[in-house]
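Under my numbering, the first residue of the sequence shown carries the number 15, and numbering increases by one thereafter. Cβ coordinates follow ideal geometry from the N, Cα and C atoms, glycine included. Some notes on the structure that comes next.
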Amino acid sequence: LSLDMAQPISKHGVEVNGPCHYLTDIKTGQFVENGSTRLKTRLLEGLGWTVLPVPFYEWDRLETKRERHSYLAAKLAGRCRCLGE
15 LSLDMAQPIS KHGVEVNGPC HYLTDIKTGQ FVENGSTRLK TRLLEGLGWT
65 VLPVPFYEWD RLETKRERHS YLAAKLAGRC RCLGE
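What follows is the structure, encoded as structure tokens:
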């Protein structure tokens, strides 16, 4: 198993998920994680990791470096205590 970014000591990881990590729900048109992506996340969480997904469809809407920084800071603050460590 691998992560795009990882902090092994605290077991926090970031997974940047491109379009190949998703399927489109035919009823809603929304993106949903595919089976292999969901399995990988469950396996990592089972090993004690906190996995922060960064979906391409959220990231691509961000136009500036400041927006991207704010997005990541908010996601990290909401999922783990990584920012102060």
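Task: DSSP three-state assignment for P69, whether helix, strand or coil - done: P69: strand per DSSP, three-state reduction.
- [ ] Drop a sphere of 10 angstroms on the beta-carbon of H35, count the other beta-carbons inside from all chains shown, and report buried for 16 or more, exposed for fewer.
- [x] By the neighbour-count rule (16 or more Cβ atoms within 10 Å), H35 is buried.
Open item on the list: Considering just the uninterrupted stretch of the beta strand (DSSP E) at T38, what are its terminal residues?
Closed with: Under the DSSP assignment, T38 falls in the beta strand (DSSP E) whose first and last residues are Y36 to T38.
Open item on the list: Are the CB atoms of T55 and V65 within a distance shorter than 7 Å?
Closed with: Cβ distance < 7 Å, so V65 and T55 count as in contact.
TODO: Count the other C-beta atoms from every protein chain shown that fall within 10 angstroms of the C-beta of L53, then say buried if there are 16 or more, exposed otherwise.
DONE: With fewer than 16 other Cβ atoms within 10 Å, it is exposed.
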